[in-house]
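Protein sequences, first through last, are from chains E and U. Each residue of the first sequence is one higher than the one before, counting from 1 in my numbering. Each residue of the second sequence is one higher than the one before, counting from 106 in my numbering. Glycine is no exception: its CB is placed at the ideal position from the N, C-alpha and C atoms. It should be emphasised that the depicted structure is a prediction, and the values quoted were computed from it without experimental measurement.
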Amino acid sequence: MTEGTGVPLAAYQILAAVLFTIGVVGVLVRRSALVVFMSIELMLNAVNLSFVAFSREHGSLDGHIFVFFVMAVAAAEVAVGLAILVAIFRNRETANVDDVRLLKG
Amino acid sequence: MSLSLLWLVPVLPLFGAIVNGLGAGRIPRRVVSAIGTGTVGLAFVIAVGCFLRLAQLPAEERIFLQTLYDWIDSGDFSVPIRLALDPLSGVMMLVVTGVGFLIHVYSTGYMGHEKAYGRYFAYLNLFTFSMLMLVLADNFLLLFFGWEAVGLCSFLLIGYWYQRPSAAKAGLKAFVTNRVGDWGFMIGIFLVFVTFGTLDFGRVFAEAPGRLAIGSGLATAIALFLFIGAIGKSAQLPLHVWLPDAMEGPTPVSALIHAATMVTAGVYMVARCHILYTLAPAALGVVAAIGAATVLFAATVALTQKDIKRVLAYSTVSQLGYMFLALGVGAYTAGIFHLMTHAFFKALLFLGSGSVIHALSGEQDMDRMGGLKKHLPRTHLTMLIGTLAIAGVFPLAGFFSKDEILWHAWENGGPLLWGVGLTGAFLTAFYMFRLYFMTFHGQERLTHEAKHHLHESPNSMTIPLLLLAVLSVIGGWINIPLVRGGQILGAWLEPVFADIAHVTGGAAHHAAGEVTGSHATPEITLMVISLVVALAGIYLAHRFYVVDPGAPKRIADRVHGLYTLLRDKYRVDELYDAILLGPIVRGSVRLWQGFDVAVIDRTVNGVGRAVEKAAGELRLAQTGYVQMYAMVITLGTVIVLGVLALR
């Protein structure tokens, strides 16, 4: 529809998939809560990329709107999440997710 | 006064019960007394007004229905809360509110020293309400409501001094024994409902002659099952055991509930359902037989009791037997008449004995009384009147009502029932005068402490005694036999019992028959005989307990076995313990240990242990590592997506 740069949709999708997988692995294997957070951001942005790519492909603005929502919510989530993280660190002197398991029976 | 005020008669005592019950301990005593007695007094005034208004109506129209509330309304079955005032319920209403009011007044004196004063009056008012609902009910279900509610109040008031184990136990005994009767009563009501499809008195009694053949099995079954309820409530053989123990309650309670009103509910119920009983002559025979047996049984036990209230309790059982004897021979008016006069003189006797007990600081054993005549002049005078009335001395109340019963027993029941009644009359005169002489005459056998506090009761107690004494004298004059226009009560109740004649096709037995020459002579003869018998009883009591106080002991020694049998009340309680309570208790223990502990508890505990063990294993899956949970979630998602993609 638009005269593009010639980069095909599949390339965007592969990049998004790779980023998403890196994010998932990061969430699963890293111990530091801060890094886990960053990995989650990575996953979110992988999805954003996918949204934007589809949006451009179809010439529709819906994807962009989704992305704005995701970014807004992610910003809020990071604010709350970091606050919790700081509170945990102050109380327990650690940001390691394995050390925060008080609810385990 | 308009008849539409009828609803106030039961509602006023209910109001008193609610106020005194909720405010118990917070309302000052004087206000409690004012509310307690005032509501019942006002109810009595309104009851009199309604009664007089009813009397102004023509005889056939003397029934007034007032619907207060649609209680149950389901399909074509409906049970309204509806009051029915007719000549029969009118008489009962006057007795309940009138005697009830006097006993409330008396209670303000007798219970004056009690701590739980408000609770007492709340119960007493609640009882009055329940009893009024019972007599004013116009269907079986509402009657049953009143029936159970008076039973509840009886239980609560017997156990008023619940700190005493004997009182708590007596209350329980009364409640449980009544359940046995209520079982039969409920089955009777079920049968009525199955047969007629309605519980409304008017419809059931109107349709009964058409639906049930005379003497049919169904009619007999209904009548007998309903009568089982009456046996329990009115303490007839073999369910009489609770009434003597009920004397653990305060004496005014014994007077109101266990003599004058509640225990007569069975008599009222049978009279109310007279049409069903007329259709079941066999059931009527059972009523007469049980009544007669109870007369003799209770009267003989009363001969040997030492506790003044127990004598009166057995006397009540015996007099109730008279009422059932009357009903059983079809003399409904005579039964209701005796119910009314008995309410007067037995309430008087109980309140009089209460006055004696009060004066002696709680002493009830007649062996530690005697010679109280000069110390308690008013109590003595009124008790003497009550004793003469119950003994059946002319012209006091008991004479007329008892002779009417004896006359009908002779005419409709035959010489055997009459003979039993006459023997009962002799025994009644003897044991009542035994009580009188042992209490008021002879040597003073008081304990030192009782003597110290000896005092005549306050006016609030003696004035009700005097009023009841007056009623015990003149109460019988409303139904004088053989005199033209003498049978006021008979004529008044005539419209209620008139339908009997339609069923039997002949003249009703009960009818307020005009003077006929044919039965005047035998009736007068029977009257003279019973009067002579009563006087003989009094003479014998005088000989035994005043002239020769050693005589009773000598006779008791000579017939030692019989004496102890009577003193132990024929050992009925022991018999029930042995054949009923013992096996039930032992069986329950076995069930408890053999089934409850061994089966149910072990099953429940086993299930609990199994769950606990399984949970202990599953628990290990919860490692507490967030990332492991995330891993599981991710794997799950991948698997689900994989399945969806490859499908």
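With a threshold of 16 other CB atoms inside 10 Å of the CB of residue i, please say whether the residue is buried or exposed.
i: Met566 (chain U); result: buried
i: His447 (chain U); result: buried
i: Ala656 (chain U); result: exposed
i: Tyr536 (chain U); result: buried
i: Gly584 (chain U); result: The sequence given here has Asn at residue 584 (chain U), not Gly. Result: buried.
i: Tyr267 (chain U); result: exposed
i: Arg187 (chain U); result: buried
i: Glu509 (chain U); result: buried
i: Lys220 (chain U); result: exposed
i: Pro688 (chain U); result: exposed
i: Trp347 (chain U); result: buried
Using a cut-off of 9 Å between C-beta atoms, extract the partners of residue i located in chain U.
i: Val47 (chain E); result: The contacting residues do not exist; Val47 (chain E) stays about 14 Å from chain U at best.
i: Arg101 (chain E); result: Thr728, Gly729, Tyr730, Val731
Is residue i helix, strand or coil when you go by DSSP?
i: Ile634 (chain U); result: helix
i: Pro185 (chain U); result: strand
i: Asp472 (chain U); result: helix
i: Phe66 (chain E); result: helix
i: Asp243 (chain U); result: coil
i: Leu190 (chain U); result: strand
i: Gln727 (chain U); result: coil
i: Ile177 (chain U); result: strand
i: Thr303 (chain U); result: coil
i: Thr172 (chain U); result: strand
i: Asp287 (chain U); result: helix
i: Gln592 (chain U); result: strand
i: Asp678 (chain U); result: helix
i: Ser118 (chain E); result: Summary: the structure shown does not reach residue 118 (chain E), with chain E confined to residues 1 through 105, and so no result is reported for it.
i: Asp412 (chain U); result: strand
i: Ser32 (chain E); result: strand
i: Ser107 (chain U); result: coil
Name the chain A residues whose beta carbon is nearer than 7 Å to that of residue i?
i: Val24 (chain E); result: Among the chains of the structure shown, chain A does not appear; the protein chains present are E and U.
Using a Cβ-Cβ cut-off of 7 Å (strictly less than) and excluding sequence neighbours within five positions of residue i, which residues of its own chain qualify?
i: Ala122 (chain U); result: Ala227, Asn230, Leu231, Phe234
i: Ser458 (chain U); result: Thr356, Ile413, Lys414, Leu417
i: Gly195 (chain U); result: Phe156, Leu159
i: Val137 (chain U); result: Asn125, Tyr222, Gly223, Phe226
i: Met755 (chain U); result: For chain U, the structure presents residues 106 to 752; residue 755 (chain U) sits outside this window and is missing.
i: Val375 (chain U); result: Phe332, Ala335, Tyr382, Val392, Leu432
What residues from chain E crowd round residue i, counting only those whose CB sits closer than 7 Å?
i: Val731 (chain U); result: Val97
Restricting to Cα atoms, I'd like to know which of the options is closest to residue i.
i: His139 (chain U); options: U:Ser212, U:Lys220, U:Ala189; result: The sequence as given places Ala at residue 139 (chain U); His does not occur at that position. The option with the nearest alpha carbon to Ala139 (chain U) is U:Ser212.
i: Pro185 (chain U); options: U:Gly195, U:Leu193, U:Tyr174; result: U:Tyr174
i: Leu425 (chain U); options: U:Ala364, U:His463, U:Val416; result: U:Ala364
i: Trp288 (chain U); options: U:Met236, U:Leu344, U:Leu261, U:Gly264; result: U:Leu344
i: Glu41 (chain E); options: E:Arg56, E:Phe54, E:Val25; result: E:Val25
i: Gly256 (chain U); options: U:Ala715, U:Glu353, U:Asn283, U:Gly581; result: U:Asn283
i: Val285 (chain U); options: U:Ala272, U:Leu342, U:Asp305, U:Val309; result: U:Leu342
i: Leu430 (chain U); options: U:Ala496, U:Ser506, U:Asp472; result: U:Ser506
i: Ala530 (chain U); options: U:Ala189, U:Thr405, U:Met198, U:Thr366; result: U:Thr405
i: Glu165 (chain U); options: U:Ile689, U:Met733, U:Ala683, U:Trp597; result: U:Trp597
i: Ser466 (chain U); options: U:Asp181, U:Leu170, U:Tyr215; result: U:Tyr215
i: Leu511 (chain U); options: U:Phe499, U:Gly526, U:Leu521, U:Pro500; result: U:Gly526
i: Leu193 (chain U); options: U:His379, U:Leu361, U:Gly205, U:Leu304; result: U:His379
Leaving out five residues on either side along the sequence, give the residues of the same chain with a beta carbon under 8 Å from the beta carbon of residue i.
i: Arg92 (chain E); result: Asp99, Val100
i: Leu384 (chain U); result: Ala313, Pro314, Leu317, Ala318, Ile319, Gly320, Ser321, Ala324, Ala328, Val608
i: Ala641 (chain U); result: Phe531, Ala534
i: Thr728 (chain U); result: none
i: Val70 (chain E); result: Leu44, Val47, Asn48, Phe51
Leaving out the 5 sequence neighbours to the left and right, which residues in its chain are closer than 6 Å to residue i when beta-carbon positions are compared?
i: Met445 (chain U); result: Val200
i: Ile130 (chain E); result: Given a span of 1 to 105 for chain E in the structure shown, any question on residue 130 (chain E) remains unanswerable.
i: Leu540 (chain U); result: Val416
i: Thr369 (chain U); result: Leu444
i: Phe89 (chain E); result: Ala95
i: Met474 (chain U); result: Thr544
i: Met238 (chain U); result: Pro115, Gly251
i: Ser32 (chain E); result: Ala95
i: Val620 (chain U); result: For Val620 (chain U), the predicted structure reports a pLDDT of 43, less than 50, and the residue's modelled location is therefore unreliable. The matter cannot be settled from this model.
i: Phe280 (chain U); result: Phe260
For residue i, return the contacting residues in chain E, with the cut-off set at a CB-CB distance below 8 Å.
i: Ala735 (chain U); result: Val27, Leu28
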